[in-house]
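2 protein chains.
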Amino acid sequence: MDICDHEREHEEALKRLRATALSEEDLAIMCNLFKLLGDPSRMKIILALTEGELCVYHIVEAVGGNQSAVSHQLRVLKDNRLVKSRRDGKNIVYSFYDEHVSRIIGIALEHVVCEKG
Amino acid sequence: MDICDHEREHEEALKRLRATALSEEDLAIMCNLFKLLGDPSRMKIILALTEGELCVYHIVEAVGGNQSAVSHQLRVLKDNRLVKSRRDGKNIVYSFYDEHVSRIIGIALEHVVCEKG
DNA sequence: TTATAATATGAATACCTATTCATATAATAA
DNA sequence: TTATTATATGAATAGGTATTCATATTATAA
């Protein structure tokens, strides 16, 4: 006997799913991106950088919290290639690694609007 | 003396940032969405549902792992309105709460492609 | 009603990770 | 060189959360 009353449809859905299946690696890449964006402290940093590059001091000013915490998160973002940095005199200036991130943020901001409306 | 050699530009960036600033609540909504999408087990469930509605049994079949774990994650997804469910005889059938989720997933899949290419 | 199938739930555990504190490094100014 | 400023880093801690196991619930079949 069948598991449920939608046996055929579900089996077909599962069949399509297998056809388009992501590899475990791709799944990990995708989830990792979302995980990075899922922390408010990191998101604040990312949002700050949408307005242009910033040195660490100004990032700290923008997001609040202590300098060490911000530095740790910048490291995480950099290791994962969401941001890049360059030294400029005694400062380190951070900016987005590529346009990719800001696109995603743009869409996320739309989501917030929808969620509230 | 100034903090860095880009004092003016950074101050202007921070000014624009304050102008467009998200509330803490909106930030939380946004991050929460990303956090939900950042777990591979949950993402597998979500990806499975992109092919159509499924009962729990078939979700378990699609994503692997044990039934209890899947049920717990379905609960999380439902509490956060990413999915909805309806009873159908002895089965519970899950599907996306709205079109929103599948849009985001579509974009994320693009990201994976870019990341690899 | 009793048995069984499908799903949900509670508690316990184990892992992960964000934050903090203290300190190190690196560049510049004196 | 020494002092100071800007940033990074290591270790420790605490809070969160995914998973598992056992069990409860709900619906149907016998």
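Line order of the protein sequences matches chains X and G. Per my numbering, the first sequence starts with residue 46, numbered consecutively. Per my numbering, the second sequence starts with residue 46, numbered consecutively. Where a beta carbon is used, it is the ideal one built from N, C-alpha and C, also for glycine. All values derive from a computational prediction rather than experimental measurement.
Check: Continuous beta strand (DSSP E) assignments of at least 3 residues falling wholly in the region 64 to 152 of chain G; Outcome: 128 to 133 and 136 to 141
Check: Any C-beta of chain G under 8 Å from that of Asp124 (chain X); Outcome: no
Check: Cβ of Leu59 (chain X) within 8 Å of any chain G Cβ; Outcome: yes
Check: Residues near His145 (chain X) in its chain [Cβ-Cβ closer than 6 Å; skip 5 each side]; Outcome: none
Check: Arg63 (chain G) versus Leu72 (chain G): straight-line alpha-carbon distance, rounded; Outcome: 14 Å
Check: is_contact[Val105 (chain X), chain G] using C-beta, thresh 8 Å; Outcome: no
Check: When X:Ile48, X:His55, X:Leu78 and X:Glu54 are compared against Leu154 (chain G), the one with the closest alpha-carbon; Outcome: X:Leu78
Check: Chain X residues whose Cβ lies nearer than 9 Å to that of Ala152 (chain G); Outcome: The sequence given here has Ile at residue 152 (chain G), not Ala. In chain order: Arg148, Ile149 and Ile152.
Check: Contact with chain X by Tyr139 (chain G), beta-carbon distance below 8 Å; Outcome: no
Check: Under 9 Å by beta carbon: chain G residues contacting Lys163 (chain X); Outcome: Since the first residue shown for chain X is 46 and the last is 162, residue 163 (chain X) is missing from the structure and cannot be characterised.
Check: Contacts that Glu96 (chain X) makes with chain G (C-beta to C-beta distance below 7 Å); Outcome: Ala58, Arg61 and Leu62
Check: Phe141 (chain X) beta carbon less than 8 Å from that of Val128 (chain X); Outcome: yes
Check: Which listed residue (G:Ser116, G:Gly110 and G:Leu82) has its alpha carbon closest to that of Val138 (chain G); Outcome: G:Ser116
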